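Taking my numbering, the leading residue of the sequence shown gets -14, the next gets one more, and so forth. A virtual CB, placed ideally from N, CA and C, is assigned to each residue, including glycine. A quick note: this is a predicted structure, and the numbers were derived from the prediction, not measured. Heads up: the structure comes next, in structure tokens.
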Amino acid sequence: MASCTPPLIHAATVAPLRIDQTPPVPAIDICIIGAGIVGLALARELSNAFPSREIVVLEKHGRIGEETSSRNSEVIHAGIYYAPGSIKANSCVRGRELLYRYCEKYQIPHRRIGKLIVAARSEIAALENIQYRARANGVDSLEFLDTNQLHRLEPHVQADVALWSPETGIVDSHGLMTSFLGEAEANGVTLALHTELTGAEPLGNGPGFRLQIQSGPEAMTLDSRVLINCAGLHAVSVATRIAGLLPSSLPEMSFIKGNYMSLTGKSPFVHLIYPVPDPAQRGLGIHATLDMAGQCRFGPDIEPVDNLEYTVDLLRMPLFIKEIQQYYPELEANRLQTAYAGIRPRIKTAGSTVPDFVIQDKDSHGLEGLWQLFGIESPGLTASMALAEHVRDQVRNSAIIGTGTAIL
Ligand SMILES: Cc1cc2nc3c(=O)[nH]c(=O)nc-3n(C[C@H](O)[C@H](O)[C@H](O)COP(=O)(O)OP(=O)(O)OC[C@H]3O[C@@H](n4cnc5c(N)ncnc54)[C@H](O)[C@@H]3O)c2cc1C
């Protein structure tokens, strides 16, 4: 975990000051807004792709991954629920492969423990639909289990049938972020903590932006040829501070809180246990996940909110008990306690359409050199390395950044 704020601008990038000049504005090649899992995956990917380019990550908090990236289930999803051809489906499947490979190579704590989607006989058609959709996404590994097979794996789960997903796993998300950051910093990336982007305007003489930045008590200006907005819950708010962006180019967002309750004592499960998702809820249902230490927690539920407030309300407990007892009737309610909450940045869509991730480039908003990622809810952790690859290819294809050594 990075704990100190490195100097934002390398001295070498600042030209010597002549007495009759105003100080030149320091210039870099790529500025990434947000040190969540996506911003850090991007910093790693872009610093590998453009090794001699100056890359800075701005993070308004004092530590990396303080928002959604440390408030989730830490599940490596297989990629089975999302609409075939969607960015969510493609980036989840590709991201999962990249993530397992990365975790193995760099020994990031993770376990491919598998998941069971458990159902009553009346829900078999829903499970078949999941299996069908998974196949369309290239995930062929799902298997139906009958009650006996299920009980051999999970004796405490009550269900008639289950769908087994061997590719699903769990990861230490902080270990992963720290590793992305370590690799990026070794490549020369600068992380500026306590540093917030407060405004930006296009330079006007070619691609690039003049950025207004608040770094602790100090206001500063910085030019960057490429600007990447991966500010998570704040991505739309950041976008509204970029001059020249039409508000009509921005998606409408909602915030959906997901609360967790933890189970004290030994976990009754050794795999992840999910109910059949309820399409009206647009969530995966209150499921049982395990962390790397084997602790069991249940969640997340679905709570639309207007502000970013993370307290878990004890009044939600009865809903949890009711949902969990559907598949775990032995639950002793006094073993449940409030844990933590995360908030999904969800794009508003008509009716019951499930929103996709949105990645905007010049073609969407008209500003050359600007990339924006909106609505990166689940499976954003799993998809992070694939999203980074995708943006890397777009930056490379734009030819704004060559692989040479000169900056602006
Ligand atoms: C309840 C819940 C459960 C989930 N479970 C899973 C799961 O099991 N598996 C999975 O794959 N995904 C899961 N996700 C999704 C995953 O957590 C997110 O997709 C992912 O963490 C998003 O990362 P991010 O980097 O886009 O956003 P964030 O982690 O929110 O990072 C954005 C960063 O930008 C910074 N920032 C914002 N504005 C500014 C500014 N103006 N200047 C500087 N910095 C700024 C913020 O401080 C923040 O650190 C879950 C999400 C939720 C809410």
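Through-space distance from residue j to residue i, alpha-carbon basis
{"i": "Ile328", "j": "His136", "result": "34 Å"}
{"i": "Glu374", "j": "Val380", "result": "10 Å"}
{"i": "Glu170", "j": "Ile72", "result": "28 Å"}
{"i": "Lys394", "j": "Leu188", "result": "For residue 394 there is no data in the structure shown, the boundaries of the chain being -14 and 393."}
{"i": "Tyr295", "j": "Lys242", "result": "8 Å"}
{"i": "Val339", "j": "Cys77", "result": "15 Å"}
{"i": "Trp356", "j": "Val146", "result": "44 Å"}
{"i": "Asn172", "j": "Cys16", "result": "15 Å"}
{"i": "Ile65", "j": "Asn122", "result": "7 Å"}
{"i": "Gly268", "j": "Pro262", "result": "6 Å"}
{"i": "Met(-14)", "j": "Thr249", "result": "With a pLDDT of 35 at Met(-14), under the threshold of 50, the modelled position of that residue is not reliable, and the figure given next carries that caveat. Rounded to whole angstroms, Met(-14) to Thr249 spans 28 Å at the Cα level."}
{"i": "Gly201", "j": "Pro236", "result": "30 Å"}
{"i": "Pro253", "j": "Pro36", "result": "48 Å"}
{"i": "Thr53", "j": "Gly217", "result": "7 Å"}
{"i": "Glu152", "j": "Tyr91", "result": "19 Å"}
{"i": "Pro(-8)", "j": "Ala12", "result": "Caution is warranted here: a pLDDT of 43 is assigned to Pro(-8), below 50, making its placement in the model unreliable, and no coordinate value can be reported."}
{"i": "Thr274", "j": "His62", "result": "12 Å"}
{"i": "Arg118", "j": "Gln311", "result": "25 Å"}
{"i": "Lys251", "j": "Glu315", "result": "14 Å"}
{"i": "Leu148", "j": "Ser126", "result": "10 Å"}
{"i": "Pro9", "j": "Arg195", "result": "12 Å"}
{"i": "Ile361", "j": "Ala68", "result": "15 Å"}
{"i": "Val325", "j": "Asp208", "result": "Correcting the residue type first, residue 325 is Tyr in the shown sequence and not Val. Cα to Cα, the separation comes out at about 38 Å."}
{"i": "Ser34", "j": "Arg377", "result": "The amino acid at residue 34 is misidentified as Ser; the sequence shows Ala. Approximately 7 Å between the Cα atoms of the pair."}
{"i": "Val290", "j": "Val255", "result": "33 Å"}
{"i": "Tyr313", "j": "Asn244", "result": "19 Å"}
{"i": "Thr334", "j": "Ser222", "result": "19 Å"}
{"i": "Val124", "j": "Ile271", "result": "23 Å"}
{"i": "Gln280", "j": "Ala74", "result": "29 Å"}
{"i": "Ser383", "j": "Glu44", "result": "26 Å"}
Proximity below 9 Å, CB of residue i to CB of residue j
{"i": "Gln322", "j": "Ser247", "result": "yes"}
{"i": "Arg226", "j": "Ala185", "result": "yes"}
{"i": "Leu166", "j": "Ala20", "result": "yes"}
{"i": "Arg96", "j": "Gly154", "result": "yes"}
{"i": "Asp394", "j": "Ile344", "result": "With the chain covering -14 to 393 only, the question about residue 394 has no answer from this structure."}
{"i": "Ala371", "j": "Pro260", "result": "no"}
{"i": "Asp286", "j": "Glu59", "result": "no"}
{"i": "Val142", "j": "Ile258", "result": "yes"}
{"i": "Gly50", "j": "Leu83", "result": "no"}
{"i": "Leu176", "j": "Val297", "result": "no"}
{"i": "Phe305", "j": "Ala220", "result": "no"}
{"i": "Met205", "j": "Ile22", "result": "no"}
{"i": "Thr180", "j": "Gln197", "result": "no"}
{"i": "Ser158", "j": "Asn57", "result": "yes"}
{"i": "Gly193", "j": "Ile93", "result": "no"}
{"i": "Glu168", "j": "Arg29", "result": "yes"}
{"i": "Asn319", "j": "Phe240", "result": "no"}
{"i": "Leu138", "j": "Leu101", "result": "yes"}
{"i": "Arg120", "j": "Thr367", "result": "no"}
{"i": "His46", "j": "Leu178", "result": "yes"}
{"i": "Ile18", "j": "Asn190", "result": "no"}
Endpoints, beta strand (DSSP E) assigned at residue i
{"i": "Thr274", "result": "His272 to Leu275"}
{"i": "Ser363", "result": "From DSSP, Ser363 is part of no beta strand (DSSP E); its letter is neither H nor E."}
{"i": "Leu257", "result": "Leu257 to Tyr259"}
{"i": "Asp14", "result": "Ala12 to Ile18"}
{"i": "Ala147", "result": "Val146 to Ser150"}
{"i": "Ile22", "result": "Segment Ile22 to Ala34 is the alpha helix (DSSP H) holding Ile22; no beta strand (DSSP E) there."}
{"i": "Gly250", "result": "Note, Gly250: premise wrong, no beta strand (DSSP E); not H, not E."}
{"i": "Ile155", "result": "Gly154 to Val156"}
{"i": "Leu43", "result": "Ile40 to Leu43"}
Which residues DSSP lists as bridging residue i, in chain order
{"i": "Lys73", "result": "Answer by DSSP bridge pairing: none, since Lys73 is not bridged."}
{"i": "Asn244", "result": "Ala326"}
{"i": "Phe129", "result": "Leu148"}
{"i": "Arg282", "result": "Ser247 and Thr274"}
{"i": "Leu355", "result": "Leu212"}
Opening and closing residue of the alpha helix (DSSP H) in which residue i lies
{"i": "Leu138", "result": "Thr132 to Leu138"}
{"i": "Ile49", "result": "No alpha helix (DSSP H) holds Ile49; DSSP gives it neither H nor E."}
{"i": "Asp348", "result": "Lys347 to His350"}
Closer than 9 Å to chain C by CB, residue i
{"i": "Asp263", "result": "Any reference to chain C falls outside this structure, which holds one protein chain only."}
Residue i Cβ short of 8 Å to ligand 3 heavy atom set
{"i": "Gly201", "result": "As far as ligands go, the structure on display features ligand 1 and does not contain ligand 3."}
Length-filtered (3 minimum) beta strand (DSSP E) runs lying within the segment 161 to 242: Counting only runs of at least 3 residues, the segment 161 to 242 fully encloses the following beta strand (DSSP E) elements, listed from N- to C-terminal order: 175 to 177, 180 to 187, 194 to 200 and 203 to 214.
Unbroken stretches of the alpha helix (DSSP H), 4 residues or longer, contained in the segment 284 to 339: The segment 284 to 339 contains these whole alpha helix (DSSP H) runs: 302 to 312.
Segments assigned alpha helix (DSSP H), at least 4 residues, entirely inside the segment 64 to 115: Listed in chain order, they are 72 to 91.
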